C-alpha cells in the first residue's frame, strides 16, 4: 500500500535545503517521527503534533512539540494515555492550547473521545468538554477550533445521520449542542477524513470537508450550517485555506485546484500555472496571498514536486519561493512569519520520518488586499427592499448578495460606469440583514443591507 500517497496524494524523494527557510530541528524520540498539524502563534511560538511513519494512514499522534524561542529549543511531550490519540490541535497563545482526542479502545467517555485544554504550555492538561459530548460509540471529536478567545466549535462524526457539533461562547467553559435542524444531513457513508486537518477558519466563518468531497460551512461561528458539493468525488481534499469569509482554495489529492468567491457556496476548477504545489496550503493573514508546499515526487500530476510557492491571484499563477525542500503542511501567521513541517523520504518515495520544522526567512509576502471602493447605499435600512447604489466611476464590477447564513442570493454584472447610480431590488426577500459585496479591478467594498 502506498502510505505516502494516501496521506499526501504524492510520492516523495529527497533534495537539499534552501535559503528561503531556516531549519529548526526537533530531537524526536524515534527517527520515524515527523510533524503534522501546525499551530503557530508568531515568530517565536509554535506548536505542532508529532506522528510516527507507521501511523501515516491515520495521522495518529499522542505527542506535541512546542517552542517559545523561534525553534531553537522544543518541548516534546505526550498529551495523553496510550489508549488515546490526537485528532486535532489548536494553540491560542504561548501557554493555551486545545486538543481533540479519540479513543483507540472505542470506550466512550472513558479513554479519549473528549477535549483537553492546557494553560501552562502543555505541562498539564485537563478535560475541556462536557461528559455528555461524544458518548455515542460511533462519534468522537474530529476538530476543535476557536475563532477568538471566547468563541469556538468542535465537530465530530455522525450521530443520527448528522455530524455532531457543539459551540462555545465562553472560551470552552461550556459547550452547547448545535440543533440537528441547523446541520444538513450526512449522506450514506459520509465521514470526516482523519489524519490531517481539512478545516479552515476566517473571522467567524468555518469550513470542513468530508470523504465524499462535500464542503460544510458556517458563517456564524458554527451556529448554522449549509453544504455544497464541488464535484470532487472520488478525489478527496488534500488541504483548504480561506483568505477571508468569501475567498478560498481547495487542493485535491490528485492535484486539482478549486476556488470559491462566495464563501464556499459554489466552486470552480482552476488551471494553475507556475510552481503550484499540492500538499500544504495556507492563506497569509492580511493579504491576498496563499502559500503552497510540497515534496519531491515521482508523480507527474499537477501540484507534485518539492518546494514552496505563493499566489496573489486566488490560485491562478504561482511563484516559487524555493524548489528544494520537502515540506508537509504549512502555517503562516503574517507576511514574514511562517512554519512548515520538514520531511525525510527514501528513494522509494516513502516518508521515513522528519527533521523537525522549517521557519520562513524569505521576503515579506505582503501583497495587500484590493483598495476599498467608495460605494454608498441609500436608503439603508430600506422599508421595501429597494436600494440605490452609488459607485465611483471605474471598470466593470460584480455585485453579490448573501443572506445571514452566507448563502448566495444574487449575482449581477455591472458594466464600466461613469458613476451613475444603480438600483438593487431585494424586495422578494424577507426582512433581515444581508451582505452586499462589490468587486472590480479597482477595488472591493462590503456593506450590510437591512430590510425592515
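In mature numbering (1 follows the signal peptide of the UniProt record, and there is no 0), the protein residues as written are -19 to -1, 1 to 433. Think of the CB as a built atom: it goes at the ideal place given N, C-alpha and C, for glycine as much as any other residue. Owing to the predicted nature of the structure, the values given are computational and were not obtained by experimental measurement.
- Here residue 20 has 27, 28, 29, 70, 71, 72, 78, 312 as same chain residues with Cβ atoms under 8 Å from its own Cβ, once five neighbours each way along the sequence are excluded.
- The distance from the Cβ of residue 248 to that of residue 239 is about 5 Å, consistent with a contact at the 8 Å cut-off.
- Residue 159 is positioned such that its CB atom lies no closer than 8 Å to that of residue 114.
- Separation of residue 45 and residue 212 (C-alpha to C-alpha, rounded to the nearest whole angstrom) is 35 Å.
- Residue 415 is bridged by DSSP to 430.
- The C-beta of residue 340 has 16 or more other C-beta atoms within 10 Å across all chains shown, which makes the residue buried.
- With contacts defined as CB atoms closer than 8 Å, residue 96 and residue 125 qualify as a contacting pair.
- Taking 3 residues as the minimum length, the beta strand (DSSP E) runs contained wholly in the segment 286 to 316 are 288 to 292, 298 to 303, 308 to 315, in order along the chain.
- CA-CA distance, residue 386 to residue 359, rounds to 23 Å.
- Residue state for residue 16 is assigned as strand, using DSSP reduced to three classes.
- Relative to the Cα of residue 195, the nearest Cα in the group 185, 207, 186 belongs to 207.
- By the 16-neighbour rule on beta-carbons within 10 angstroms, residue 342 is exposed.
- Here the alpha carbons of residue 143 and residue 169 stand approximately 10 Å from one another.
- The Cβ neighbour count for residue 370, taken over all protein chains shown within 10 Å, is at least 16; the residue is labelled buried.
- Note that the C-beta distance between residue 395 and residue 382 is not below 8 Å.
- By the CB criterion at 8 Å, residue 24 and residue 51 fall inside the cutoff.
- Taking all protein chains in view, the Cβ of residue 219 is crowded by 16 or more other Cβ atoms within 10 Å, so the residue is classified as buried.
- Per DSSP, residue 179 has no beta bridge partner at all.
- Taking C-beta atoms under 8 Å as the contact rule, residue 244 and residue 200 qualify, at a distance of about 6 Å.
- For residue 190, the number of other beta carbons within 10 angstroms of its own is at least 16, and it is reported as buried.
- If you compare the alpha carbons of 172, 224, 246, 252 with that of residue 236, the shortest gap goes to 252.
- DSSP places residue 212 in the coil class of the three-state scheme, outside both helix and strand.
- Judged by DSSP in its simplified three-state form, residue 334 adopts strand.
- The count of Cβ pairs closer than 8 Å, one atom from the segment 265 to 283 and one from the segment 291 to 301, reaches three, so the stretches are in contact.
- Just measuring C-alpha positions, the residue of 179, 141, 307 sitting nearest residue 234 is 179.
- In the three-state reduction of the DSSP assignment, residue 235 falls in the coil class, being assigned neither a helical nor a strand state.
- Secondary-structure assignment with DSSP links residue 394 through a beta bridge to 379.
- Burial check for residue 411: the Cβ neighbour count within 10 Å stays below 16, so the residue is exposed.
- Membership of residue 138 in the beta strand (DSSP E) is indicated by the continuous run 133 to 140.
- Uninterrupted beta strand (DSSP E) stretches at least 3 residues long and entirely within the segment 48 to 111 occur at 56 to 59, 65 to 72, 78 to 84, 96 to 99, given in chain order.
- Between residue 215 and residue 172, the alpha-carbon positions lie close to 14 Å from each other.
- Counting along the chain, the unbroken beta strand (DSSP E) around residue 146 starts and ends at 143 to 149.
- Per the C-alpha coordinates, the member of 374, 54, 422, 357 positioned closest to residue 428 is 357.
- Distance from the Cα of residue 127 is smallest, within the candidate group 118, 347, 110, 185, for 185.
- Cβ neighbours of residue 41 within its own chain (closer than 6 Å, five residues either side excluded): 66.
- Counting other Cβ atoms within 10 Å of its Cβ, residue 162 stays below 16 and is therefore classed as exposed.
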